[in-house]
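*Asks:* Below is the structure I would like to discuss, written out as structure tokens.
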Amino acid sequence: MKSTVKNSAFLWLLILLGAIAGSLIGDTLGNSFSELKFLKNFYEVGTNAPLILSFRIMTVTLGLKFNINIMTIIGVIVAIILYRRY
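First residue of the sequence shown? That's 14 in our numbering, and the numbers climb one at a time after it.
See the structure below:
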């Protein structure tokens, strides 16, 4: 049971690192080459306004937004392939 949790945590870490690396590579390529400017374009997924829960003694604010571009998706796919292969 413990190894399954560790493996899934490692998978999520790889997915996060793949998404970050893909975004950085997409931004770098989009800034460096005019033909690859489309790699810089991103799409926002999530809520624009956060959800605010107000209680008498505290207020909780929840919001989530992802900025996804083509290279982010490719980075996540590569991370999943690397996880399955090794």
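No residue lacks a Cβ here, since even glycine has one placed at the ideal position from N, Cα and C.
Under the assumption that L52 contacts G31 (Cβ atoms under 8 Å), give the Cβ distance between them as a whole number of angstroms.
*Replies:* If you number the sequence shown from 1, residue 52 lands on position 39. If you number the sequence shown from 1, residue 31 lands on position 18. Actually they do not touch by this definition, with Cβ atoms about 16 Å apart.
*Asks:* According to the neighbour-count rule (16 or more other Cβ atoms, all chains shown, within 10 Å of its Cβ), is A62 buried or exposed?
*Replies:* Taking the sequence shown and counting its residues from 1, one reaches residue 62 at position 49. Classification of A62: exposed, given that the 10 Å Cβ count is below 16.
*Asks:* In its own chain, which residues sit with a C-beta less than 7 Å from the C-beta of V74, not counting the 5 before and 5 after it?
*Replies:* In the sequence shown, counting from the first residue as 1, residue 74 sits at position 61. With the sequence shown as reference, residue 74 is identified as Thr, and Val is not the correct amino acid for it. Same-chain partners within the cutoff: P63 and I65.
*Asks:* Which stretch, first to last residue, makes up the alpha helix (DSSP H) that contains G59?
*Replies:* Residue mapping note: residue 59 aligns to position 46 of the sequence shown, counting from 1. Premise fails: G59 lies in the beta strand (DSSP E), Y56 to G59, not in any alpha helix (DSSP H).
*Asks:* DSSP three-state call for F79: helix, strand or coil?
*Replies:* Along the sequence shown, one-based indexing puts residue 79 at 66. It is a strand residue.
*Asks:* With DSSP collapsed to three states, give me the class of I70.
*Replies:* Counted from its first residue, the sequence shown places residue 70 at position 57. I70 falls in the coil class under three-state DSSP.
*Asks:* Assuming L49 and G43 make a contact with CB atoms under 8 Å, what is their CB distance in whole Å?
*Replies:* Reading the sequence shown from its first residue, position 36 is the one you call residue 49. Reading the sequence shown from its first residue, position 30 is the one you call residue 43. About 6 Å; that satisfies the 8 Å criterion.
*Asks:* Report the residue from V58, L29 and F23 whose alpha carbon sits nearest the alpha carbon of V89.
*Replies:* For this step, residue 89 is matched to residue 76 along the sequence shown. When each option's Cα is compared against that of V89, the closest is L29.
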